[in-house]
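In what follows, a structure is listed as structure tokens, so that the remarks can point back to it.
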Amino acid sequence: MELTKEQIQRVDKYLDVKGVKFIDFRIEIFDHIISQIEQQLVIGNADFKTAFDQVTSEWNKQLDETSSWIFGFVYPAPKVVINRAKKIFIPYFIISFLIIFLSILFKKIIINDIMGYFTFFLTIIFLLISIFYTLKIWKSKEKTVYNFIIKTQILNFSIVPIIIIDFSINDFFNVSILLYMGVFTYYSRRFYKKHQQEKKKYSLLMN
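Under this note's numbering, read the sequence shown as residues 88 to 294, first letter to last.
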């Protein structure tokens, strides 16, 4: 049994109230809720209000706002968004800090001046590439889990390299910073491409 236009608008308003603004999640959750309500109307022989209340009651726990220490407590989002964002980002998070840990552990390795300047310029290149993709995601009006992740990591992106500074050309832009920036550059570019894919998918669904 298909829902009427007014009933569909009520589901849409429910998602607005719950703060589901991420386009890659909104369509998916919207479709799930519509499908579940339609099943309740047919199988459960319920009226729309009863079916709507039952289905949204189940979704409330997943859509309640929460936060995570990985992204920072100042970046709340619906629980389902946080869970998906953690699943996507944790591998990059672990790799980034594993690189930093190993670099600090072995930072006594002698790096000659040539290597020091090489890492300096390569780090600057990674930094500029990362800034380019980060700004493009930041300026995007559409919200996805990918630009949510990037926005929450800007502070780490700015501060973490400073933490391991040793006040010399070899250590200031040392291998640890270079590798960290390499990882950040990789996932900022990857997340930008994913963000663009979700925007395109959303645009096709809306048109």
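Glycine residues also receive a C-beta, built at the ideal position from the N, C-alpha and C atoms.
Bear in mind that the values here come from a model prediction, so they are computed numbers and not experimental data.
- Of the other Cβ atoms in all chains shown, 16 or more fall within 10 Å of the Cβ of His282; this residue is therefore buried.
- Of Phe205, Tyr101 and Val107, the smallest CA-CA separation from Glu152 is found for Val107.
- When Thr91, Val270 and Ile169 are compared, the shortest CA-CA separation from Pro178 is found for Val270.
- Between the segment 115-131 and the segment 168-175, the count of C-beta pairs closer than 8 Å stays below three; the two stretches do not touch.
- Cβ neighbours of Tyr279 within its own chain (closer than 7 Å, five residues either side excluded): Tyr220, Lys223 and Ile224.
- Within the DSSP secondary-structure output, Ala164 pairs in a beta bridge with Thr153.
- For the pair Thr239 and Phe158, the CB atoms are nearer than the 8 Å cut-off.
- Following the DSSP letters along the chain, one finds Lys100 inside the alpha helix (DSSP H) bounded by residues Lys92 to Val104.
- At the C-beta level, Phe109 and Phe235 come within 8 Å of one another.
- Per DSSP, reduced to three states, the secondary structure at Lys280 is helical.
- The shortest CA-to-CA distance from Leu265 to any of Phe207, Ile216, Glu229 and Leu292 is the one to Phe207.
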